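The opening residue of the sequence shown carries number 1 in my numbering; numbering runs sequentially from there.
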Amino acid sequence: MNNSAARILKAFADALDLHNTHPEFIEAKYQAQIHNPWFTEESIANSIGGWQHALNEESRLKWLESNRVSADSKSDKLGIIGAGNIPFVVMHDVISACVSGYSLNLKLSSDDNILPKIWISLAEEILGDTLKINYTDQLKEIDRVIATGSNNTHRYFEYYFRDKPCILRKNRHSVAVLPMASELTESQVMGLGEDVFAYFGMGCRNVTQLFIPREFDFAGLFPIWEEKYGELINHHKYVNNYHYHKALLLMNLDPHIDAGFVLFKERNTLHAPVGLVNYTYYDEISEVSQYIKEHEDEIQCIVSEGTSIDGLPFGTAQKPELWDYADGINTLEWLNT
1 MNNSAARILK
11 AFADALDLHN
21 THPEFIEAKY
31 QAQIHNPWFT
41 EESIANSIGG
51 WQHALNEESR
61 LKWLESNRVS
71 ADSKSDKLGI
81 IGAGNIPFVV
91 MHDVISACVS
101 GYSLNLKLSS
111 DDNILPKIWI
121 SLAEEILGDT
131 LKINYTDQLK
141 EIDRVIATGS
151 NNTHRYFEYY
161 FRDKPCILRK
171 NRHSVAVLPM
181 ASELTESQVM
191 GLGEDVFAYF
201 GMGCRNVTQL
211 FIPREFDFAG
221 LFPIWEEKYG
231 ELINHHKYVN
241 NYHYHKALLL
251 MNLDPHIDAG
261 FVLFKERNTL
271 HAPVGLVNYT
281 YYDEISEVSQ
291 YIKEHEDEIQ
301 CIVSEGTSID
311 GLPFGTAQKP
321 ELWDYADGIN
331 TLEWLNT
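Rendered as structure tokens:
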């Protein structure tokens with residue numbers, strides 16, 4: 001294992017641990033909430049907690065030892081275009097680049113351009129050195145690129161970076177495969193709620209499509225979910241989305257289920273707007289397997305317990321480890337070959 005890479009990775013872990021004590025980090029969290037109303041105190045804390053778990057010493061060592069990583073300076077200059085749908089979402093790419101020795105041109109999303117900077121800055125203070133990161137609005141003079149965006153921007157990325165080695169990411173969504181509601185424990189239902197509602201459901205690892213048995217009873221979910229997630233309706237941007245899509249469903253006489261804080265619509269599609277969750281009935285589990293196979297390029301995560309479908313345990317979709325790579329592409333390996 002490369003000692004320089006391990007030192008850099010530890011610096012990021014130690015810097016994040018300052019989030020509740022360092023005045024600049026505390027101020028950055030406050031400013032991020034003002035700048036982006038989706039970044040609530042709870043969402044930021046949730047992301048930090050997930051990162052602290054991912055960056056524990058055992059995980060850091062496992063990640064570096066399972067990949068051929070060299071922090072020696074690379075001749076290639078790397079460009080990263082970050083997403084901004086959840087707090088710190090760009091940081092896996094940034095950390096991967098830093099432990100791999102790249103000079104980095106970083107284009108942060110306007111929705112998340114405060115929190116990553118303070119984390120990087122404090123890591124540099126701990127290291128006593130800069131991490132060769134240049135913040136920019138335009139990627140020029142780069143040799144390879146990692147870019148995350150929507151399906152529309154993906155087409156632009158494909159054209160603009162057509163002559164460079166690149167990892168290009170577009171919209172993906174996550175699904176949950178459920179047994180009968182009576183077979184789910186309260187803990188499992190609460191975990192599934194975390195997969196659906198964390199970060200208001202805005203992450204690619206959030207569940208937007210439920211596969212449920214024909215006789216599934218939603219009534220078993222709502223009381224458990226409302227206890228923790230019913231307060232989402234008090235968030236002004238979330239409630240606007242909820243009311244807007246509820247109005248559309250009512251005007252179109254479109255059958256749906258209204259839990260009072262989230263809507264459920266029977267439809268066989270992965271994308272769901274904020275405040276709404278899709279569901280599809282299945283009679284045979286093979287139907288779900290076939291759907292997942294046909295849409296594997298659009299699915300980020302599968303959560304499943306109590307069925308024959310392999311998936312993550314409920315409550316873990318938004319708690320990725322360092323080796324849980326977006327789109328299944330090993331970023332660290334790509335950066336070091």
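Beta carbons: idealized from backbone N, C-alpha and C, even for Gly. Please read all numbers here as calculations on a predicted model, not as lab measurements.
Taking residue 100 as reference, the option from 111, 90, 84 and 132 with the minimal CA-CA separation is 132.
Within the same chain, Cβ atoms closer than 6 Å to the Cβ of residue 123 are found at 11, 12 and 15, the five residues on either side in sequence being excluded. For the segment 64 to 142, the full-length beta strand (DSSP E) segments reaching 3 residues or more read 77 to 81, 103 to 107 and 133 to 135 along the chain.
Per the coordinates, the alpha-carbon of residue 68 lies some 45 Å from the alpha-carbon of residue 241. Residue 153 and residue 182 have their C-alpha atoms spaced approximately 43 Å apart.
Nearest in C-alpha terms to residue 298, of all of 173, 309 and 231, is 173. A distance below 8 Å between beta-carbons, with the five flanking residues on each side excluded, links residue 114 to the following residues of its chain, in chain order: 28, 31, 32 and 35. Here residue 5 has 64, 69, 71 and 99 as same chain residues with Cβ atoms under 6 Å from its own Cβ, once five neighbours each way along the sequence are excluded. Every beta strand (DSSP E) stretch that sits fully inside the segment 170 to 208 and reaches 3 residues is listed by chain position as 173 to 177. With contacts defined as CB atoms closer than 8 Å, residue 320 and residue 191 fail to qualify as a contacting pair.
Note on the segment 197 to 268: whole beta strand (DSSP E) runs with a minimum of 3 residues are 207 to 213 and 263 to 266, in chain order. By the CB criterion at 8 Å, residue 107 and residue 148 fall outside the cutoff. When secondary structure is reduced to three states using DSSP, residue 279 falls in the strand class.
Counting the other Cβ atoms within 10 Å of the Cβ of residue 61 gives fewer than 16, which makes it exposed. A direct Cα-to-Cα measurement between residue 23 and residue 203 gives close to 29 Å. In summary, residue 337 is exposed, with fewer than 16 beta-carbon neighbours lying within 10 Å of its beta-carbon over all protein chains present. Contact annotation: residue 282 and residue 288 have beta-carbon atoms nearer than 8 Å. Assigned with DSSP and collapsed to three states, residue 303 falls in strand. It is roughly 25 Å from the alpha-carbon of residue 26 to the alpha-carbon of residue 322. For residue 153, the three-state secondary structure derived from DSSP is helix.
Residue 146 has 80 and 167 as its beta-bridge partners, per DSSP. Following the DSSP letters along the chain, one finds residue 9 inside the alpha helix (DSSP H) bounded by residues 3 to 16.
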